[in-house]
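Here is the structure we will look at, set down as structure tokens.
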Amino acid sequence: TLPAWPPWIQEVLDWLVPRVVAREERVRSWRRANRSNPDLLPGSARGEAWAARIMQDASGSILDDVLGQFLAAVCSTPELAGSDVVVFDHLCREPVDASDVGAVLAMCRQAGGGTLIRAAGAHRDPDKQTVWLTDGGTADGWPENAAADLWVVGVGEPVPPGAQVVRRA
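All letters in the sequence shown, in the order written, are residues 941 to 1109 by my numbering.
Structure follows, in structure tokens:
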């Protein structure tokens, strides 16, 4: 059996990302392999999930180790399996399931240009919490209603005024 994850993880996720009924009332689970597609990390179980639209900055200013930390946190956390990822730099790619590691990595390999955060904001999903994983460097400013989103940036990096921020060390 797998060890139980600490209860504080659920409390943090509940604070950051609203729960929704997962697609077809299923969520990802590490207790069972995915039956139809082995590339999708965990299998399915019934229940609720946290669903967010993860906006992953893969521009040239994002260091490889930081990008790796972001991707590991998003793609390998079964509690976020109801989420999807949009990789952006000066272009915005189509959203893919957060558990589809291969597709997310492929999009990151295509990226590396400048950062247009305002333009990427057009790809938010109104039914999901938007979480930005970025260094905050933007050539075109902040999206409208950016303060309603969650921003994960490094210490001292810029964020929109009044936004919720999680600072990584």
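Yeah, the Cβ is synthetic: ideal placement off N, Cα and C, and Gly gets one too.
For the alpha helix (DSSP H) holding residue i, just list the boundary residues, first then last.
| i | result |
| --- | --- |
| L1011 | D1004 to C1015 |
For residue i, which residues from the same chain have a beta carbon less than 6 Å from its beta carbon, with the 5 sequence-adjacent residues on both sides left out?
| i | result |
| --- | --- |
| G1076 | V1093, E1097, P1098 and V1099 |
| R1108 | G1094 |
| M1047 | V1027 and R1033 |
| V957 | W990, A992 and Q1069 |
With distance defined between alpha-carbon atoms, name the residue in the options nearest to residue i.
| i | options | result |
| --- | --- | --- |
| A1060 | A991, A1046, T1017 and Q996 | Q996 |
| A1021 | F1028, L1011 and C1048 | L1011 |
| A1013 | G1052, A1062, S1039 and D1089 | S1039 |
| V1105 | E1084, L1073 and R1064 | L1073 |
| L1031 | L1090, N1085, A1103 and A1079 | A1079 |
| E1019 | D1037, L1090 and W1091 | D1037 |
Taking the Cβ atom as the reference point for each residue, do residue i and residue j lie within a distance shorter than 9 Å?
| i | j | result |
| --- | --- | --- |
| A1051 | F1028 | yes |
| T1070 | A1088 | yes |
| V1025 | V1044 | yes |
| I994 | S1016 | no |
| D1067 | P1035 | no |
| G1000 | G1054 | yes |
Quick one: residues in its chain with C-beta nearer than 7 Å to the C-beta of residue i, no 5 flanking neighbours on either side, listed in chain order?
| i | result |
| --- | --- |
| W1082 | I1057, R1058 and P1100 |
| Q1009 | none |
| N1085 | none |
| D954 | none |
Which two residues bound the contiguous beta strand (DSSP E) that contains residue i?
| i | result |
| --- | --- |
| V1095 | Run containing V1095: none; DSSP gives neither H nor E here. |
| A998 | Segment: none, A998 is in no beta strand (DSSP E) and carries neither H nor E. |
| V1106 | Q1104 to R1108 |
Within the same chain, show all residues whose beta-carbon is closer than 8 Å to that of residue i, passing over the 5 residues directly before and after it, in chain order.
| i | result |
| --- | --- |
| H1063 | R993, M995, V1026, F1028, C1032 and P1035 |
request  = Please specify which runs of the beta strand (DSSP E), each continuous and at least 3 residues long, are wholly inside the stretch 1018-1075, giving them in chain order.
outcome  = 1024-1028 and 1069-1073
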